[in-house]
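This report refers to the structure that appears directly beneath it.
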DNA sequence: AAATATTTTGCAACATTGTTGCATTTAAAA
DNA sequence: TTTTAAATGCAACAATGTTGCAAAATATTT
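Chains as they are written, first to last, in my numbering: chain A, 192 to 329; chain B, 192 to 329.
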């Protein structure tokens, strides 16, 4: 609870109940969340627009990052010290086609790629789709 | 022209002007196209819905594949012999943040990744964002 | 070449997702 | 406690995607 405030303050954001709730949703559910997921999780507590704006703010401040996906956009917590100035992500995302959940594999880094002459890479995004351990087990 | 018909026939599709036009849009523009791009390119010739359905059909038949992106979904031609039964893509996508175009780097394969125990990968999608050669030059 | 069967299209209506402006409320600072 | 600045809710709108159905077009059969 207090930790949420700290995180928000650390990113120069006012503490509001909406921001606290959205942040704790990301912390509790471990997987990436879409706007719709949050709307579901938070019920009628907040206006749709407020959630959109909260996500936008969190993105800008480096609290969450985008996770690409066949069927839409999701967001996940930044684990490292991302900031307004600099997002840094080089981990892999895994989406399970059975349970539908997408997770960050923080420990797995995207391998180096040598691009043809002239290409200047800035960011990398690797999504692997398949079956996650929990769903394989069943 | 005749080649378009052949491609469509080869995938067991009736030849219609819409399908021919969409297909040739993909062939002419080299980069990945969104539904909106196509609507722009084809003008008022076809109903929005028809273009949606054409994309869906092409996807199913293995003529095009999805290209993920920060800001939406796009589609690009399958170069190899993809079919209804099997899509096979392991090339890298590059999106230029300057000109906004996304391209398939057909020759660059996604490097192997060793996943933790239990993960069963099925498909891979690597998007690199940065500046493309044309935009670097300027 | 004409008739038939089947697929595709356009239209209308609707659903979902995301955005903007503005008045009101809330959080932080004085 | 008062003031200032930011965040919220609401309403309206814009963009994107989906569904059902009748009309049109394609391919097949006679």
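Quick reminder that beta carbons are idealized off the backbone N, C-alpha and C, glycines included.
- Message: Can you pull the chain B neighbours of residue 260 (chain A), defined as C-beta to C-beta under 8 Å?
- Response: Within chain B, the residues near residue 260 (chain A) are 259.
- Cβ-based contacts, 8 Å cut-off: residues of the stretch 265–290 of chain B near chain A: For the stretch 265–290 of chain B, which is checked against every Cβ of chain A, the residues closer than 8 Å are 283, 285 and 288.
- Item | For residue 283 (chain A), the nearest candidate out of B:243, B:328 and B:316 (CA to CA) | Minimum Cα distance to residue 283 (chain A) is reached at B:316.
- Message: Using a 10 Å radius around the Cβ and a threshold of 16 neighbouring Cβ atoms, would you call residue 245 (chain B) buried or exposed?
- Response: Counting of Cβ neighbours within 10 angstroms places residue 245 (chain B) among the buried residues, the total reaching 16 or more.
- Task: Take the Cβ of residue 286 (chain A) as the centre, count every other Cβ of all protein chains shown within 10 Å, and call the residue buried at 16 or more, exposed below.
- Result: By the neighbour-count criterion, in which 16 or more other beta carbons inside 10 Å mark a residue as buried, residue 286 (chain A) falls on the buried side.
- If you follow the alpha helix (DSSP H) that residue 231 (chain A) is part of, which residue opens it and which one closes it? Per DSSP, the unbroken alpha helix (DSSP H) holding residue 231 (chain A) starts and ends at 226–233.
- Quick one, which of B:208, B:296 and B:305 has its alpha-carbon nearest residue 192 (chain B)'s? Among B:208, B:296 and B:305, the Cα nearest to that of residue 192 (chain B) is on B:208.
- Task: Determine the closest residue to residue 251 (chain B) out of B:273, B:298, B:302 and B:211, with distance taken between C-alpha atoms.
- Result: Comparing Cα positions, the closest option is B:273.
- Task: Indicate whether at least one CB of chain B lies closer than 8 Å to the CB of residue 227 (chain A).
- Result: Not closer than 8 Å to any Cβ of chain B, the Cβ of residue 227 (chain A) fails to qualify, so no.
- Message: On the criterion of 16 or more Cβ atoms from any shown chain inside 10 Å, does residue 256 (chain A) qualify as buried, or is it exposed?
- Response: In summary, residue 256 (chain A) is buried, with 16 or more beta-carbon neighbours lying within 10 Å of its beta-carbon over all protein chains present.
- Task: Label residue 210 (chain A) either buried or exposed according to how many other C-beta atoms from any shown protein chain fall within 10 Å of its C-beta, with 16 as the threshold for buried.
- Result: Buried is the call here.
- Query: Where do the ends of the beta strand (DSSP E) carrying residue 264 (chain A) lie?
  - Reply: Per DSSP, residue 264 (chain A) is not a residue of any beta strand (DSSP E), being assigned neither H nor E.
- In whole angstroms, what separates the C-alpha of residue 313 (chain A) from that of residue 320 (chain B)? Spanning the alpha carbons of residue 313 (chain A) and residue 320 (chain B) requires a straight line of approximately 6 Å.
- Message: I'd like the span of the alpha helix (DSSP H) that includes residue 214 (chain A), first residue to last.
- Response: Element bounds for residue 214 (chain A): 208–219.
- Task: Report yes or no: do three or more beta-carbon pairs, one from the stretch 217–225 of chain A and one from the stretch 263–270 of chain A, lie closer than 8 Å?
- Result: Because the criterion of three Cβ pairs below 8 Å is met, the stretch 217–225 of chain A and the stretch 263–270 of chain A touch.
- Message: Considering only DSSP beta bridges, list what residue 303 (chain B) is partnered with.
- Response: Answer is none; residue 303 (chain B) lacks a bridge partner.
- Beta-carbon proximity of residue 298 (chain A) to residue 221 (chain A), cut-off 8 Å: Contact: no.
- Taking C-beta pairs closer than 7 Å, name the residues in chain B that residue 309 (chain A) reaches, listed in chain order. Within chain B, the residues near residue 309 (chain A) are 324 and 327.
- Task: Anything in chain A within Cβ reach of residue 249 (chain B), meaning under 9 Å, just list it in chain order.
- Result: Residues of chain A whose Cβ lies closer than 9 Å to the Cβ of residue 249 (chain B) do not exist; the shortest such Cβ separation is about 16 Å.
- Reducing DSSP to helix, strand and coil, say where residue 269 (chain A) ends up. In this structure, residue 269 (chain A) counts as coil in the three-state DSSP scheme.
- Going straight from the alpha carbon of residue 302 (chain B) to that of residue 261 (chain A), what length do you get? Note on geometry: alpha-carbon atoms of residue 302 (chain B) and residue 261 (chain A) lie some 20 Å from one another.
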